[in-house]
Every structure is written in C-alpha cells, then in structure tokens.
Ligand code: NAD
C-alpha cells in the first residue's frame with residue numbers, strides 16, 4: 257500500500273513522486289511505502305489549513321468542545337486498532353502501544369476542558385470608569401514534526417491542544433512509522449472536525465525544510481533528536497516563527513545504598529528495556545552509589561529473562577528496534593563500549609527470535625563499569641542498552657548528571673526523603689522521578705527537558721501547550737457616561 261498525505265479532508269498524492277519503504281521491524285519486511293512530500297505539497301497543505309483557519313478560529317468554544325469529546329470517544333473506541341498499527345510499524349509490544357495510546361488520549365481529555373483553559377481575566381474599575389481584561393487567541397496554521405518512537409502519542413501532545421485553541425494543524429509524522437497519522441486523521445473527520453483543520457504531510461527533510469521556510473506557518477512544534485531539534489529551532493526562529501523543539505536525552509537513574517535494590521532492579525529493567533529502549537525518557541545510565549553497585553547483578557539477571565519477540569505476541573515483553581540500521585548502530589556501540597573497557601554483564605548482540613530471523617532484534621544489554629568518557633555514555637544509544645556507572649556518593653552522581661549536556665529526565669532510588677529533596681533541588685533536569693523511573697508528567701502538567709533536550713522556552717502539552725498555541729490580548733476599556741468622566745490629558749496615562 258502507498259501511504260498518501262491527508263489534506264483538506266481526503267487522501268491525496270499531491271505532487272509527490274518520491275517514496276520511502278515502511279518496514280515491519282519484527283519481520284524485516286516492507287509493509288508499505290510512504291510518499292515523500294515536495295515543497296509544493298507542503299504549500300498546498302498550509303494554504304488549505306490557512307483557509308480553514310478563517311472559520312475554525314471563529315468557532316465557539318462549545319462547538320469545539322463537542323468535536324473534541326467525540327474525537328476522544330472515537331480514539332477510545334479504536335484504541336486497540338490504533339495500538340496494533342503502532343505495534344506493527346514501530347515494533348513495540350501491543351501492551352506498550354496501548355499505553356502510548358492511553359497517554360495520548362489523556363491529552364485529548366485535557367483539551368476537552370478548553371473553555372476553562374482559555375478563560376481570561378477581568379479587572380473591574382482598574383482606574384476610575386476603566387476596566388481591563390485579557391484573553392488568548394489562536395496563532396493560525398501551526399505545524400508538528402514528530403519522531404518515530406511514539407507515532408500516536410507525540411502528535412497527540414500537539415494537535416488536540418492546538419486545534420482546541422482554534423488553530424489549524426499540519427502534521428509531518430516520522431516517515432518510518434507514518435500509518436497512525438492517517439488513521440487519526442479519519443477519526444478527526446468522523447468526530448466532525450471541518451476539513452482542512454487537521455492535515456498530514458508525509459515526508460523527510462525536504463518537507464520539514466518547506467515547513468520551516470513557509471510564511472504561512474505561525475508556529476512549529478518539534479520532537480526528535482537533538483541535532484535536528486537545534487536545526488528546527490534555529491531555522492524556524494530565523495523565519496520569525498514561534499518554536500518549541502524537544503530533543504534527545506541521556507536519562508540517569510541514581511541508586512543510593514539505602515534503596516530497596518530489588519525494587520530498583522525491577523524498575524531499571526522496565527525503564528531501560530521497555531519499548532527496546534526507544535523512549536526519550538528511558539533510563540540509559542544507571543549511577544550506582546557505593547554499595548548500591550550490587551544492583552548490577554540483579555539487573556543483569558532480570559535482563560537475561562526479558563522475553564524478546566514480535567510485538568503482536570502477547571508473550572513478548574520487548575520487541576525489535578525500528579530499522580536494520582538502528583540494530584547495526586546499537587550493536588556497534590555495544591562493541592565499542594566493550595573495546596573501551598566496559599564489562600558486558602548482559603549481552604543482547606546475538607539475540608535471534610525463532611521464526612523472525614529477519615527482524616531487527618537486539619536483546620537487553622547491560623554494560624558495567626562504564627565511565628563518562630566512553631562513547632556508550634556520551635551518545636544517545638536509543639536502544640536496549642543500560643550503562644552502569646559507579647559513583648562514590650550522591651553529590652558525585654548529581655554532578656555527573658549536571659555535567660551531561662542533556663537534561664530531559666532523571667530518577668532517584670532511595671528510602672530517604674532528605675536525600676530525595678537534595679537530589680530534586682540539585683539536578684539541572686526538567687522531569688524528575690523519585691522511586692519513579694519514567695517520570696512522564698500527566699497531561700495536566702507539561703513535558704519538557706532542560707539544556708540540549710529542549711530548544712525554545714516552551715515545554716509541550718498541559719498549560720504550557722495552551723500558552724504556546726495562543727497569544728494574549730489585553731484590553732483597556734472605558735465607556736464614559738458623561739463628558740466629564742472622559743477628561744483627556746497629555747501626560748502619560750496613570751490610574752485614578
Ligand atoms: P529524528 O530527529 O531523526 O526525526 C524526527 C523528525 O525529524 C522526523 O519527522 C524526521 O522526518 C525529521 N528529520 C529527521 N532528520 C531531519 C533533518 N536532517 N532535517 C529535518 N528534519 C529531519 O528523531 P527520531 O529518530 O525519529 O526519534 C528519536 C529521537 O527523538 C531520539 O533522539 C529521542 O530522544 C527523541 N525524542 C525526544 C522526545 C522528547 O520529548 N524530548 C520524545 C520522543 C523522542
């Protein structure tokens with residue numbers, strides 16, 4: 257099947273002639289081909305979205321809310337189907353894909369409260385006979401550029417809120433697992449969203465650069481790797497757009513000697529190997545403080561027992577990685593770690609799954625005695641590889657985290673409230689878990705890292721999402737009842 261763009265409420269090939277293969281990572285087979293947009297296709301989508309903005313931005317809050325609630329119901333009704341599409345194209349196991357859909361659904365539910373979220377403020381009688389009030393208006397056409405690792409959830413971090421705020425949306429999903437975008441587009445239409453409000457343009461760098469340069473795009477939300485996030489932030493800012501660009505990560509989990517090591521080991525394995533480590537909030541560096549180094553054996557033992565297999569098999573706990581190139585790169589980094597002096601405590605390099613020999617599987621891998629100079633520590637591996645670094649005390653662990661260029665998520669395992677507080681206050685990281693290894697904020701908070709994990713000021717979804725997709729107006733008004741009440745003066749206006 258050839259996956260087409262969704263523009264103006266219908267699938268279309270536009271002017272696209274280039275195509276990319278979309279694999280089924282569990283088998284290695286090509287599942288579909290996806291069209292790669294030309295600049296003219298992006299231009300068409302932006303023009304259609306701009307035309308739709310005229311009416312959509314004027315639609316009432318209750319009309320928008322009705323559609324959002326219907327969309328929520330439709331996603332809920334089709335959650336299994338959507339999870340299956342995600343699992344087939346991404347490779348993650350079905351229960352994990354279902355979790356991704358659930359977390360996206362929660363953002364839709366948050367957006368259903370848009371009348372409350374867009375309430376402005378009003379100051380009666382700010383000056384004699386003068387009232388001041390403020391409210392927020394949508395920006396126009398906004399674009400979302402998203403990564404492969406959450407093909408349903410990450411776009412849902414963006415479009416439900418952007419659309420609820422009165423914007424129209426152009427999504428450029430990852431070309432590696434593009435099917436969920438078209439599936440969701442049809443559900444928006446069935447929910448009653450007017451054609452042209454939500455559009456999908458498939459593509460690669462060509463499409464992205466066309467979005468960044470297009471004068472009709474008011475704002476860009478990006479989630480992906482740090483080098484691309486940096487590029488997006490620079491180019492979109494130079495073109496005068498509002499931009500939020502979330503980048504990559506190296507998430508540390510610190511295990512203090514007073515932690516329950518069995519609990520920590522269970523959660524480290526879940527966090528490092530769930531979704532084959534292809535989560536921007538996965539723990540990829542475990543920092544064992546002092547005697548907590550005993551956790552290495554516990555983790556290695558559990559890692560060896562993780563059931564690796566195709567995502568659709570209910571017995572599987574971990575699926576393949578996204579492409580053959582990703583598998584090769586991850587295995588190369590593990591070997592590099594070994595050459596640079598790491599001890600391989602669990603080795604997933606030669607794992608194969610019977611019946612799925614063509615699949616892109618890499619087994620759970622634990623590298624012990626990693627140091628901060630090694631490539632496995634410095635690079636975001638984005639695979640099922642946990643590096644263990646040893647530290648003398650908690651402050652050394654905090655310094656290590658703060659010296660790392662990324663600042664997305666971090667976690668601490670401890671039984672001490674005082675240690676937790678010191679850690680939480682000391683780390684330069686945006687999202688922190690205390691005995692919680694993947695601290696992805698709920699939909700009514702906002703998601704965003706620090707340092708090289710976020711370019712631009714704005715985290716994504718939650719209240720910050722509403723602020724990002726709107727701009728404020730402050731109105732100062734007077735309705736003079738008598739001529740005397742409107743005395744004019746040449747001096748700068750001050751309150752009376
Ligand atoms: P990626 O940066 O390769 O791709 C992301 C998007 O950018 C895709 O739509 C892709 O088509 C486009 N793109 C790729 N190269 C480009 C280029 N040179 N110029 C313009 N556009 C380009 O990321 P990925 O491999 O799809 O996803 C994995 C990365 O995303 C990891 O680094 C992960 O940490 C990060 N991520 C971050 C978060 C977060 O919230 N911070 C969430 C999920 C994933």
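Residue numbers (the numbering used here): 257 to 752.
Built from N, CA and C at the ideal position, the CB exists for glycine as well.
Where residue i sits in the DSSP three-state scheme
i, result
"residue 690", "strand"
"residue 557", "helix"
"residue 574", "strand"
"residue 470", "coil"
"residue 734", "strand"
"residue 651", "helix"
"residue 624", "strand"
"residue 748", "coil"
"residue 637", "coil"
"residue 372", "helix"
"residue 358", "helix"
"residue 486", "helix"
"residue 663", "strand"
"residue 423", "coil"
"residue 705", "coil"
"residue 398", "strand"
"residue 476", "strand"
"residue 465", "helix"
"residue 602", "strand"
Terminal residues of the alpha helix (DSSP H) in which residue i lies
i, result
"residue 406", "Where residue 406 is concerned, there is no enclosing alpha helix (DSSP H), given that its DSSP letter is neither H nor E."
"residue 634", "631 to 634"
"residue 680", "673 to 682"
"residue 302", "295 to 312"
"residue 267", "Segment 266 to 268 is the beta strand (DSSP E) holding residue 267; no alpha helix (DSSP H) there."
First through last residue of the beta strand (DSSP E) which encompasses residue i
i, result
"residue 586", "Run containing residue 586: none in the beta strand (DSSP E); it sits in the alpha helix (DSSP H), 580 to 595."
"residue 380", "377 to 383"
"residue 280", "274 to 280"
"residue 716", "Looking at the DSSP string, residue 716 is not in any beta strand (DSSP E), and its letter there is neither H nor E."
"residue 438", "Note, residue 438: premise wrong, no beta strand (DSSP E); alpha helix (DSSP H) at 435 to 446."
"residue 454", "454 to 456"
"residue 541", "539 to 545"
"residue 261", "261 to 263"
heavy atom of ligand 1 below 8 Å from residue i C-beta
i, result
"residue 589", "no"
"residue 535", "yes"
"residue 709", "yes"
"residue 478", "yes"
"residue 756", "Residue numbering for the chain in the displayed model covers 257 to 752; residue 756 lies beyond these limits and cannot be assessed."
"residue 502", "yes"
"residue 664", "yes"
"residue 348", "no"
"residue 426", "no"
"residue 365", "no"
"residue 440", "no"
"residue 429", "yes"
"residue 487", "yes"
"residue 359", "no"
"residue 410", "yes"
"residue 353", "no"
"residue 716", "yes"
"residue 405", "yes"
"residue 505", "yes"
"residue 402", "yes"
"residue 267", "no"
Contact check, residue i vs residue j, beta carbons under 9 Å
i, j, result
"residue 716", "residue 502", "yes"
"residue 600", "residue 555", "no"
"residue 414", "residue 440", "no"
"residue 394", "residue 309", "yes"
"residue 657", "residue 543", "yes"
"residue 425", "residue 399", "yes"
"residue 339", "residue 447", "no"
"residue 632", "residue 577", "no"
"residue 273", "residue 294", "yes"
"residue 750", "residue 387", "no"
"residue 640", "residue 615", "no"
"residue 402", "residue 480", "yes"
"residue 661", "residue 528", "no"
"residue 311", "residue 263", "no"
"residue 458", "residue 261", "yes"
Distance between beta carbons of residue j and residue i, contact taken as under 8 Å
i, j, result
"residue 346", "residue 433", "5 Å"
"residue 511", "residue 669", "5 Å"
"residue 686", "residue 672", "Rounded, the Cβ-Cβ distance is 23 Å, inconsistent with contact."
"residue 560", "residue 646", "Residue 560 to residue 646, Cβ: 21 Å. No contact."
"residue 472", "residue 307", "So it is not a contact: roughly 10 Å between Cβ atoms."
"residue 291", "residue 324", "Not really, about 29 Å apart at Cβ, beyond 8 Å."
"residue 700", "residue 366", "6 Å"
"residue 343", "residue 567", "4 Å"
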